[in-house]
Amino acid sequence: MIEVERLSKSYGAFRAVSDVSFHVERGEVVGFLGPNGAGKSTTLRMLAGFLGPSSGRIRIGGHDIGEEPLLAREKLGYMPETSPLYPEMRVREYLAFRAELKRVPRGARARAVERAAEEARVDDMADVLVRHLSKGYRQRVGLADALLGDPPVLILDEPTAGLDPNQIREVRELVRRRGKDHAILISTHILSEVEATCSRALVVARGKLVASGTIEELREMRRASGLRIVVRGEAARALGIVRALPEVAEATVDAGRTQAPETAELLVEYQRAEGGAEVAERVVAALVGAGLGVREVVPRAASLEQVFSELTRGDEEAAEVQA
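Residue numbers (UniProt numbering): 1 to 323.
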């Protein structure tokens, strides 16, 4: 439903997006991740037809957005990070106006507005002026706008920004429900949201696509992020031995787990994810060499946050240099 081939965008000598290719099929919810300045918003604007690419091709629902822009946009519901709402209009009026612009058939407009408002949970504010809405409700009006006409493709940019925990849960449920028979691309900085709602994720950094895969596949890229190790002996001594190893970033005692007498569980984090198996061997050898017993060693799978940090480290370092 979304096909992107070698997409690039340049502003003079600056290349905001460079040779990006990916696809999103019907029935998929795909997360779009990247630090600030990585090219996410630029890419989404090009997908929505608001910004022309310097090169590359975009097809929405089988229609080239450059050659058949109206047909492509009919297949698309787009929610920008900050929705350009009209403060002097009431919520129902605004959604009816947007439905007309989207060429929803006249006889179906009232029902389309009602359904979108119900799904986005703004039906109770239908007669309220937009200017009187909270930030969270404005976000939800923008979401209702994207849902108008039931387009098969949804592109959502930070859809839960400004929402309270209950509203976030409602949006997640909506995305999961729609994701069963729609193609959804969702950009967010809340990595737990990607884990909760997405079947696959794309990671961009420095304008390039640096990783693509299921959440588990991304975790596999940095699986050896650390260890959970149960030792027999004095916990403080074990901590000192492990922390002295140059490959170890941090080691702590997990006081929340009940162990057998005279044992302790250590949580070990590596300096770098690469070479995790070799680091684990050195940790065990150091403990055994010091006369401590090792009863259990379990690799700790990387969280999505750790994967994101590893993949986009160059962007963060570049931002620090520019600052």
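For each residue, glycine too, the CB sits at the ideal point set by N, CA and C.
Remember, it's a predicted structure, so these values are computed and weren't measured experimentally.
Cβ neighbour criterion (16 or more within 10 Å) applied to residue i
i: residue 11; result: exposed
i: residue 144; result: buried
i: residue 157; result: buried
i: residue 32; result: buried
i: residue 188; result: buried
i: residue 252; result: exposed
i: residue 190; result: exposed
i: residue 1; result: buried
i: residue 278; result: exposed
i: residue 193; result: buried
i: residue 99; result: buried
Proximity below 8 Å, CB of residue i to CB of residue j
i: residue 39; j: residue 16; result: yes
i: residue 80; j: residue 131; result: no
i: residue 285; j: residue 270; result: no
i: residue 139; j: residue 161; result: yes
i: residue 149; j: residue 102; result: yes
i: residue 76; j: residue 43; result: no
i: residue 201; j: residue 215; result: yes
i: residue 175; j: residue 60; result: no
Under the three-state DSSP convention, the category residue i falls into
i: residue 283; result: helix
i: residue 148; result: coil
i: residue 79; result: strand
i: residue 328; result: Since the first and last residues shown for the chain are 1 and 323, residue 328 lies out of range.
i: residue 32; result: strand
i: residue 94; result: helix
i: residue 123; result: helix
i: residue 319; result: Unreliable positioning characterises residue 319 in this predicted model, as indicated by a pLDDT of 42, which lies under 50. A coordinate reading is not provided.
i: residue 168; result: helix
i: residue 104; result: coil
i: residue 252; result: strand
Residue(s) in a DSSP beta bridge with residue i
i: residue 157; result: 187
i: residue 208; result: 205
i: residue 8; result: 55
i: residue 241; result: In DSSP, residue 241 forms no bridge with anything.
Minimum Cβ-Cβ distance from residue i to chain B less than 8 Å
i: residue 297; result: Checking the listed chains, one finds no chain B in this structure; it contains a single protein chain.
Counting pairs of beta carbons, one from the stretch 64–75 and one from the stretch 18–37, are three or more of them closer than 8 Å? The stretch 64–75 vs the stretch 18–37: no contact.
Tell me, please, whether the stretch 112–130 touches the stretch 91–103 by the rule of three or more beta-carbon pairs shorter than 8 Å. Put simply, the stretch 112–130 touches the stretch 91–103. At least three CB pairs are less than 8 Å apart.
Count the C-beta pairs between the stretch 288–299 and the stretch 228–243 that are closer than 8 Å, then say yes if the count reaches three, no if not. Note that the stretch 288–299 touches the stretch 228–243; at least 3 beta-carbon pairs, one per stretch, sit closer than 8 Å.
Do three or more CB pairs link the stretch 230–249 to the stretch 283–292 at distances below 8 Å? Judged by pairs of C-beta atoms under 8 Å, the stretch 230–249 touches the stretch 283–292, as three or more such pairs exist.
At least three beta-carbon pairs within less than 8 Å, the stretch 204–211 to the stretch 17–25: Counting Cβ pairs under 8 Å, three or more are found: they touch.
Validate contact between the stretch 94–106 and the stretch 44–56 using beta carbons, cut 8 Å, 3 pairs: When Cβ pairs closer than 8 Å are counted between the two stretches, the stretch 94–106 is seen not to touch the stretch 44–56, the count staying below three.
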